[in-house]
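What follows is one structure encoded as C-alpha cells, with my remarks underneath.
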Amino acid sequence: MSKKKKKIHKPEEIKADVENPETAVEETAVASADPSDVTEAVPAVEAVDDATESVSDTADQVAASDGDLSADAPDADMAEDTTVKVKKPRTVSQAPRLVMILTAICVVVALLLGVVNAVTKEKIADNAARAKEIAILSIFKDGNRAELYDIIDGKEVYLVYRNEGLVGYCVFLTVTGFGGDIDMTVGINGEISTCGVKIVNMSETPGVGTKVKTPDFLELFDGLSHEDPIGDVDAISGATISSGAVMSGVKAAHEIDFDFKAVAEKLGVKILTPADILDIKETETETTPSPESESDGTASGAEPAPTESRDPSESDPAEETEDIPYVDNGGEKYYIYGVGVTTVDDRYVLEIKKEDETATFEKETKEPETEKETEKATEKQTEKPTEKPTEKPTEKPTEAPTTAETTTKAETTVPPTTAQTTTEPQTTASPETSDTSAEDTSGPAESTETTGPVSPDTSDTADTGDPLEVDTTGGANAVSEPEEITDSSSDIDSQA
Amino acid sequence: MKNSILKQFKEGIVTNNPIFVQLLGMCPTLATSTSVVNALGMGAAVTAVLTCSNLFISLVRKIIPKQIRIASYIVIISGFVTAVELLIKAFFPAIDASLGLFIPLIVVNCIILARAEAFASKNPPVPSMIDGIATGVGFTFALSCIAFVRELLGTGKLFAAADGTGGIDVFGAGYQPAAIFLLPAGAFLTLGCIIAAVQKISDVCAKRAAEKAAAPSVEEEICSDGGETSAETEGATDNE
C-alpha cells in the first residue's frame, strides 16, 4: 500500500491525492469542507472510497504517530476534521490550557458565591423563621410566642404560647394543588378544633385557584372540631382541585399523631382557656396605658409586630364600655358616664367621650370658663347641648370650642325647645345654673345618681335625647330613665 | 467621553431597547410584568447581573480562549445570578416571594449572554459596565411600561406592594378588573401593542431623518426635471 506511505505526509498532501481522481463527485465531495459530505460520497464513488479509506487510515496513523500532533483523545475527533480542513496542530495542544482556564474561572466564581452565601445564610434562615412566626401569630391572635415542637409525619408542629401558657398548636404541611405545591398551616386550639387556616405559599391560577387564599374560604374551617374537620365546606366552583387540596390539608393536620393535652402535661405547661386569656389580658392592661389601642389597628399581616401591644388594649375599651350607656350619633358613640348638679357652685360635669377615648368624671367647683380650660373642650361641649338644648343659642357665644357634632345635635333640638328658653332666664353662661333649676324639679332622688348612668336629671335635656335616642340605647342602667325622658319629650312635642 | 456614555444610554433605552427592539428575554418579561413593583424588582436584579457580568467578562476577555467562551460566560453569569438571588432572599424577602422562580432564570435570559458576547468580550471594562447599566435600565423601563398597563387594567390599582397589598386605587372600588391582563395572554396583547407603537414611532423618526438627509438631493432632482413643476417644488422645498 504505497498510498499509505504517501499519506503520512501532511494533511494538505492527502487532499491533493484525493483530488487526483477525475470525477466530479470526488471533487465536489472533497471541495466541501464538511467531513460528513465526504463520508456520504464514499459509497457512491469507488475511487474516492479508496482515498477516504486511506485518508482515515492515515488519520489514525497520524494520531498514533509522534509527529507534530500530540496523542490526545480529542485528536480522534479532530482527525475527522483533518480530512477536509486544514487543521492547525496548535489548537489541539491547547486543550489542557482550556480546561485549566475554565477550571480557574469556576473556582473564582465558586469562591465569590461562598462569600455571599456566608454573609446571607443567617439572614435567610431568619426570614424563613420570621415568615412562619407571622403566619402562626396571625392565626393565634392571643399568642405571643411560637416554638417548634417536633416534626411528625413530615409535618412541622409548633406550640403557640401566651406568656407561660399554651394557646394551641400549629401544623405546617404541604399539599399538592393544581399548579404546584400549596404550603399551608392549620391552627388548632385547646379544644382541638380548628381555629385558623392560612396559606403560606401557592402557585395556583390567579383569579381562580387563588380564591382558596381568601378569608371567605378559609374562615369556613374555623371552629370545626377534630372529629369532623371539614364538615360541610364546599369546594369553590371552578377551583375544585385547589379547594380539595386545602381541605385534605386541614384533614391531614387533624389526623397527625399528636396528643395536645398529653404533650402539655408532659411539658408541665398549662393549656389556657379563653377565660384564662382574658385574665391575662386584664392584668396586662392594668400596667399598660390605653393609647396602645391605637397601635393595634396598624398591625398588618406582613409586620413582625409583637402581639403584646395588640391584645391587652384591644380588649380594654370593649370591656370598659360594655355596660355604659351611649348615644349613637350617626355611627359615633358618645358614652355617658354621669351627670349631676346639686348646687350652683358645686358642679358635676358630664363628659361624653367617643368610644376609643377613656372617660373621666370630674367634680368641678370652678366657673365655666375655667371648666372649659381644664376639661377636654370637645367633650364638654358635647355635653352641654345634651343637658340643655335650650341653652344652645346662648351657649354659643360663651363657649367657643363647640364641635360640629354638638352644633348639629343642638340645632336639631333647638327649635322644639325654644319655647323653654323663655322659661329659663339665665342666659349668661352657665348652663349648669339652668340645670339646677331644672333638676330641682325632677327631685333629689335622681341627683344621687351621679357616677353611674345618665340620671333622670337629664330629663330636661332629654329633648335633645330625641335625636340622640338616649332612652333607647345604652346598657341596663339606662332602662330606668326612659319613662321620664319620654315624658319630657312629650312635653316638648306639645310645646312645639 | 460623556457623549459616548449618553450615546450608550440612548441606545440601551431607546434605539436598541432589549425588549422593544431586540425582542430578547421575552419569557421573564411576560411573567414578571404583572405589577410595577415586581417589574422594578426584576429590572433591578437584571441590571445588577448585567453590570457585574459585563465588567467581569470584559476584565478577563483576553484570557478566555474563544473555544470555551460561551461556557465561561455562562459560569460567570450564573455565579452572579446566584449571588443576586441570595442577596434578594436575605434583604428583600417580599420581592423574592413574588418573583420566585424568575430570579434564578435570569441565567438563561438572552439579554445577558447577548451583551456579553456582542459587547463585553470586545470592549474595555468601563464601556462594558456602562453598556450593562444602559441595557439594564432599558430593560427596566420596558418592563415597567408593560407592568403599568397590566396592573392598571388587570387590578385597577397601581404600585401595589410585592405581596399584593396596598397600592393606589385608580379606578375606585366599583371597577371590575380585566383579569386577562394578569394572565400570559394579556401580557402578549400588551407587549404587542407597545411594540407596534414603538415601531411606528421609530418609523416616523426614521422617515423624518431620511427626509432631512435627502432634502438637498431632492432639490437637485427637481431642478434637473425642470419645466412646470420647478416653481411649485421650489416653494415646497423652501417651506421645508
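As given, the protein sequences belong to chains G and L, one line each in that order. 1 is the number of the first residue of the first sequence in the working numbering; add one for each residue after it. 1 is the number of the first residue of the second sequence in the working numbering; add one for each residue after it. Glycine is no exception: its CB is placed at the ideal position from the N, C-alpha and C atoms. Computed from a predicted model, the values in this text were never measured in an experiment.
Is residue 7 of chain L helix, strand or coil by DSSP? Note: residue 7 of chain L maps to helix in three-state DSSP.
is_contact[residue 120 of chain G, chain L] using C-beta, thresh 8 Å: At least one chain L Cβ lies under 8 Å of residue 120 of chain G.
Around the C-beta of residue 254 of chain G, are 16 or more other C-beta atoms found within 10 angstroms, so that it is buried, or is it exposed? In summary, residue 254 of chain G is buried, with 16 or more beta-carbon neighbours lying within 10 Å of its beta-carbon over all protein chains present.
Using a Cβ-Cβ distance under 8 Å, would residue 140 of chain L count as near chain G? No, its Cβ sits nowhere closer than 8 Å to a Cβ of chain G.
Nearest-angstrom Cα distance between residue 12 of chain L and residue 194 of chain L? Using only the alpha carbons, I get a separation of about 17 Å.
Looking at the C-beta of residue 116 of chain G, does it have a partner C-beta in chain L at a distance below 8 Å? With 8 Å as the cut-off, residue 116 of chain G counts as an interface residue toward chain L.
Simplified DSSP state of residue 175 of chain L, which is helix, strand or coil: DSSP places residue 175 of chain L outside both helix and strand once states are collapsed to three, so it counts as coil.
Would you say residue 98 of chain G lies against chain L (beta-carbon separation less than 8 Å)? Residue-level contact check: residue 98 of chain G touches chain L, since one or more beta carbons of chain L fall below 8 Å from its beta carbon.
Note down, in chain order, each residue of its chain lying with its Cβ closer than 6 Å to the Cβ of residue 48 of chain L, except the 5 sequence neighbours on either side. Cβ contact annotation for residue 48 of chain L (same chain, cutoff 6 Å, sequence separation greater than five): 84, in chain order.
Measure the alpha-carbon distance for residue 53 of chain L versus residue 179 of chain G and round it to whole angstroms. Rounded to whole angstroms, residue 53 of chain L to residue 179 of chain G spans 34 Å at the Cα level.
Residue 212 of chain G CB to nearest chain L CB: under 8 Å? With a threshold of 8 Å between beta carbons, residue 212 of chain G makes no contact with chain L.
Listed by chain order, chain G residues near residue 72 of chain L by CB distance under 8 Å: Residues of chain G whose Cβ lies closer than 8 Å to the Cβ of residue 72 of chain L are, in chain order, 101, 102 and 105.
Could you run through the stretch 122 to 141 of chain G and flag, in chain order, every residue whose CB is less than 9 Å away from some CB of chain L? From the stretch 122 to 141 of chain G, only 122, 123, 124, 126, 127, 128, 130 and 131 have a Cβ closer than 9 Å to chain L.
Taking only runs that begin and end inside the stretch 151 to 175 of chain G, name each unbroken beta strand (DSSP E) of 3 or more residues, in chain order. Restricted to the stretch 151 to 175 of chain G, the beta strand (DSSP E) segments that are unbroken, complete and at least 3 residues in length are 155 to 162, listed in chain order.
Check the Cβ of residue 87 of chain L against every Cβ in chain G and list those closer than 8 Å, keeping chain order. Below the 8 Å Cβ cutoff, chain G contributes 116 and 120 as neighbours of residue 87 of chain L, in chain order.
What is the DSSP secondary structure of residue 18 of chain L, reduced to helix, strand or coil? In the displayed model, residue 18 of chain L falls within coil according to three-state DSSP, outside both helix and strand.
Cβ-Cβ distance between residue 222 of chain G and residue 194 of chain G below 8 Å: Taking 8 Å as the Cβ cut-off, residue 222 of chain G and residue 194 of chain G qualify as a contacting pair.
Which complete alpha helix (DSSP H) runs does the stretch 201 to 274 of chain G hold, if anything under 4 residues is left out? For the stretch 201 to 274 of chain G, whole alpha helix (DSSP H) runs of length 4 or above, ordered along the chain, are 215 to 218, 240 to 255 and 260 to 267.
By the 10 Å Cβ neighbour count, where 16 or more other Cβ atoms means buried, how is residue 27 of chain L classified, buried or exposed? With fewer than 16 Cβ atoms within 10 Å of its Cβ, residue 27 of chain L is classed as exposed.
Residue 34 of chain L - DSSP class collapsed to helix/strand/coil: Residue state, collapsed to three classes: coil.
Helix, strand or coil: which one does DSSP assign to residue 109 of chain L? Residue 109 of chain L: coil per DSSP, three-state reduction.
Can you give me the C-alpha to C-alpha distance between residue 134 of chain G and residue 170 of chain G, rounded to a whole angstrom? Distance between the alpha carbons of residue 134 of chain G and residue 170 of chain G: 12 Å.
Under 8 Å: do the stretch 74 to 83 of chain L and the stretch 95 to 111 of chain L share three or more Cβ pairs, one atom per stretch? Segments in contact, yes.
Range of the contiguous beta strand (DSSP E) that encloses residue 186 of chain G: Residue 186 of chain G -> beta strand (DSSP E) spans 181 to 189.
Taking CB distances under 8 Å as the criterion, tell me whether residue 36 of chain L reaches chain G. For residue 36 of chain L, the answer is no, since every Cβ of chain G falls outside 8 Å of its Cβ.
So who's on the other strand from residue 521 of chain G, going by DSSP bridges? Nothing about residue 521 of chain G can be read from this structure; chain G reaches only from 1 to 496.
Going along chain L in order, which residues have a C-beta closer than 9 Å to the C-beta of residue 224 of chain G? Per Cβ cutoff of 9 Å: no residues; residue 224 of chain G is ~28 Å from chain L at best.
Hey, is residue 233 of chain G's beta-carbon within less than 8 Å of any beta-carbon in chain L? Not flagged as an interface residue toward chain L: residue 233 of chain G, since no C-beta distance is shorter than 8 Å.
Could you check where the alpha helix (DSSP H) with residue 96 of chain L kicks off and where it finishes? In this chain, the alpha helix (DSSP H) harbouring residue 96 of chain L covers 93 to 99.
Measuring only the C-alpha atoms, how far is residue 158 of chain L from residue 218 of chain G? In this structure, the alpha-carbon of residue 158 of chain L lies about 27 Å from that of residue 218 of chain G.
Residue from L/93, L/131 and L/122 whose Cα sits closest to the Cα of residue 46 of chain L: Out of L/93, L/131 and L/122, L/131 has the C-alpha closest to the C-alpha of residue 46 of chain L.
Could you pull out every residue in the same chain whose Cβ sits closer than 8 Å to the Cβ of residue 236 of chain G, ignoring the five residues on either side in sequence? Answer for residue 236 of chain G: 211, 212, 217, 242 and 243, listed in chain order.
What does the alpha-carbon distance come out to for the pair residue 211 of chain L and residue 192 of chain L? Between the alpha carbons of residue 211 of chain L and residue 192 of chain L lies a distance of about 28 Å.
Over the uninterrupted alpha helix (DSSP H) stretch that includes residue 130 of chain L, give me the two end residues. Per DSSP, the unbroken alpha helix (DSSP H) holding residue 130 of chain L starts and ends at 125 to 155.
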